[in-house]
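The opening residue of the sequence shown carries number 1 in the UniProt record's numbering; numbering runs sequentially from there.
Positions of the beta carbon are idealized from the N, C-alpha and C atoms, including for glycine.
Report on the structure given below.
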Amino acid sequence: MPINSPLAEVFERCAHEPWALLLDSCDSAAGQWDMIFRQPVSLVTDINDWPSQLAALLAQTPSYEGPQHLPFQGGLAGAWSYDAGRALEQLPTQAEADISLPDIAVGLYTQALMQQRVTGETWLLAEASQIKALSDYWLAAEQPAQQHFTLKSAWQSNMTAEHYADKFKQVQNYLLAGDCYQVNLAQRFQANYQGTTWSAYKNLRAHNNAPFSAYFKFPEGALLSLSPERFLAIDTNGHVETKPIKGTRPRQTDPVQDQAMAEALRHSTKDRAENVMIVDLLRNDLSRVCKPSSVKVPQLFAIESYPAVHHLVSTVVGELADTKQGIHLLAQCFPGGSITGAPKIRAMEIIDELEPHRRSYYCGSFGYFSQHGHADTNIAIRTLVAVQQNPQTGHIYCWAGGGLVADSECAAEYQETFDKVARILPVLSAESPPV
């Protein structure tokens, strides 16, 4: 299909549609395909036994006739909130649930626009009867009017520095008592906004080169993700890859200091130990579904650098016993261990006790599951949730957290939460024109 623009620009014409979803690898080599999904045939928004619901929905995908190399050939796409994990485990309900969006939004999509980022080749997936109309729609030259996004209040956290320090101390008590090895603790920022969230996403995208980014329009809000972290990728042969992030340092403007910061992270005993804890957790999660002895760790402690931070990243792989077990694998691994702690369930109980509000889609996942077995999902860090009061105003939320271990230092961990959103909160605070 002769579309020469990046899909993030093409998405402009459907960004206002409920359940329109952009999976966006930005300018990173890590993501090979960008995808646009719109007009789902059916939608799951109830988390009750969602793995069974989604497996049944995936089975309803129409048969596919087309190029076999395309990553999506009809199937599921959407987002899972962190709280979708409540359908899988018995968890406390102490944290306040004040965001009025469904805890899962995953649709059966029979149409998609896909673009290979390196070659630029673009493919339209659709039922035969829709091909002509949809081709005309995507090739139309019309450009929607650009609209502004403006914050109408300053960002406010749900924790003061003193509150964070108190919760940090409580985590330390749990760690010293042997309840956990690691607990992820996050604070939430909130502001009022006016304008279109798509404009906000474009602005954020220009400042964050995140390979697992996404924008998802809800009827009553939107999700904006600038995530650098892959959760689960599955190929058609059942090979699984997960790339947990654990370990962070802020970027420096001076190249020598910046390189020194990356090297300090690479050799940090604390961060390496923290990373290994999560690698072991994910090895265990994958082993529940993958073939015996197929789970391996081909790479430990790689440095990946982004505009705001350096990250310490490892890679865990495995092989599914059945190539049709993608949804089952997601359920067994959900939510990702890199944003909970270890052991996972106890860490999640402590998170619910100490964080004032539920996480919503922060630390959940965006992604797709094609009917032929191919799948890719992210961990929804660096993710914002917007809830509309009316078509032009609403509340927007953003979270930042980090894994706490026994030798963590409170001031450093608190500062790390701000480092992680250094290219998000200030960007939206600035009254810059739309991109």
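Do residue i and residue j have their C-beta atoms closer together than 9 Å?
i	j	result
F149	A400	no
G247	L175	no
Y361	W19	no
G66	Y109	no
G373	D235	yes
M277	V171	no
residue 436	L384	Residue 436 lies beyond the residue range present for the chain, which begins at 1 and ends at 435; the question has no answer from this structure.
E353	A95	yes
Y193	L428	yes
G238	T377	no
G78	G107	yes
residue 455	G364	No answer is possible for residue 455: the residues shown for the chain start at 1 and end at 435.
L265	D258	no
L101	W138	no
Y82	R423	no
N284	F301	no
I345	L91	yes
Q60	Q111	no
A97	T45	no
Q68	T196	no
N184	G403	yes
V279	L320	no
V421	A308	yes
P9	K217	Correcting the residue identity first, residue 9 is Glu in this sequence and not Pro. No; because the gap between Cβ atoms is not below 9 Å, this pair is not in contact.
A342	C180	yes
If you run the structure through DSSP and keep just helix, strand and coil, what is residue i?
i	result
Y215	strand
residue 467	Residue 467 is absent from the structure shown; the chain starts at 1 and stops at 435.
residue 504	Past the boundaries of the shown model lies residue 504; the chain is included only from 1 to 435, so the question cannot be answered.
W50	helix
R395	In the sequence as presented, Arg is not what sits at residue 395; that position holds His. If DSSP states are grouped into helix, strand and coil, H395 belongs with the strands.
I345	helix
H207	helix
Y339	The sequence given here has Ile at residue 339, not Tyr. In this structure, I339 counts as helix in the three-state DSSP scheme.
L428	helix
Q299	strand
E96	strand
V405	coil
C290	strand
V435	In this prediction, V435 has a pLDDT of 39, which is less than 50 and means its spatial position is unreliable; nothing more can be read from the coordinates.
D285	helix
G318	strand
D27	coil
F11	helix
L70	coil
L354	helix
R117	coil
Q60	coil
A411	helix
Q388	strand
Y181	coil
R188	strand
Thinking residue i and residue j are a contact (beta carbons under 8 Å), I'd like their distance in whole angstroms, please.
i	j	result
L58	F334	In fact, because the Cβ distance is near 16 Å, the residues do not count as touching under 8 Å.
P211	S25	5 Å
I379	F231	5 Å
I327	L54	5 Å
T269	V297	At roughly 19 Å, the Cβ-Cβ gap does not stay under 8 Å, so T269 and V297 are not in contact.
H310	A262	5 Å
P356	N158	5 Å
Y164	Y397	So it is not a contact: roughly 17 Å between Cβ atoms.
residue 457	D27	No information on residue 457 is available, as it lies outside the stretch 1 to 435 that the chain covers here.
A191	L151	5 Å
G318	S338	Actually they do not touch by this definition, with Cβ atoms about 16 Å apart.
Q130	D34	Q130 to D34, Cβ: 21 Å. No contact.
Q250	D419	The question names Gln, but residue 250 in the sequence shown is Pro. With a Cβ gap of about 4 Å, P250 and D419 count as contacting.
L88	A331	6 Å
W198	L425	Between L425 and W198 the Cβ distance is about 19 Å, and since that is not below 8 Å, they are no contact.
DSSP beta-bridge partners for residue i?
i	result
L76	L108, F369
D419	Answer by DSSP bridge pairing: none, since D419 is not bridged.
S305	H310
A55	For A55, which the question treats as bridged, DSSP gives no partner whatsoever.
N378	R230
G326	Bridge partners of G326: none, in fact.
T383	S225
L101	Answer is none; L101 lacks a bridge partner.
W33	Q116
L21	F37, F216
>> Report the start-end ranges of each alpha helix (DSSP H) in the region 122 to 177 that is 4 residues or longer and not cut off at the edges.
In response: 131 to 139, 161 to 176
>> Just to confirm the assignment: which complete alpha helix (DSSP H) runs, minimum length 4, are found wholly within the region 225 to 282?
In response: 255 to 266
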